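Residue numbers (our numbering): 1 to 147. The C-beta atom is built at its ideal place from N, Cα and C for all residues, glycine as well. These numbers come from a predicted model, not from an experiment. A short worksheet on the structure shown next.
Rendered as structure tokens:
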């Protein structure tokens, strides 16, 4: 789902020419997704920021997302902000083939895509776990964290 910015404070400057993934840093599934992207992103194209960081919080507020519960990630690619299942598809498309094949999910009706994503998001801690704090990232991930 593409989201439009609201009138919240502007986030600090960052390299908008590189895609940015804002993710729940205490979610085992979300952190695992970031580790997967790092492995598949051989060119080091993506940057990352945890939603719990001050920068991540400003970005969530800017795009009208809740900051008391992080039930979606936020992906900014070419200046467009997307959330929910569309953000997953946007990341996969940026990674090239065969990941790009995730675009087959886009023809699904939006209510179905949102329902599927919502079921996983609401149950991700129970299914995959939650850490008490954001995990200490590997050096490879740390080099690409901003904010």
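Helix, strand or coil at residue i [DSSP, three-state]
{"i": "residue 130", "result": "strand"}
{"i": "residue 26", "result": "coil"}
{"i": "residue 146", "result": "coil"}
{"i": "residue 80", "result": "strand"}
{"i": "residue 48", "result": "strand"}
{"i": "residue 199", "result": "Outside the modelled stretch of the chain, which goes from 1 to 147, sits residue 199, for which no answer is possible."}
9 Å Cβ cutoff met for residue i and residue j
{"i": "residue 141", "j": "residue 38", "result": "yes"}
{"i": "residue 21", "j": "residue 101", "result": "no"}
{"i": "residue 114", "j": "residue 84", "result": "yes"}
Same chain only: Cβ atoms within 7 Å of residue i, ignoring 5 sequence neighbours per side
{"i": "residue 162", "result": "The structure shown does not extend to residue 162, since the chain is modelled only from 1 to 147, so the question has no answer here."}
{"i": "residue 124", "result": "27, 29"}
Rounded distance between the beta-carbons of residue j and residue i, thought under 8 Å
{"i": "residue 28", "j": "residue 128", "result": "4 Å"}
6 Å CB neighbourhood of residue i in its chain, flanking five on each side removed
{"i": "residue 71", "result": "121"}
{"i": "residue 68", "result": "none"}
Residues of its chain near residue i, where Cβ-Cβ distance is below 8 Å and the 5 sequence neighbours each way are ignored
{"i": "residue 107", "result": "none"}
{"i": "residue 52", "result": "24, 25, 26, 70, 134"}
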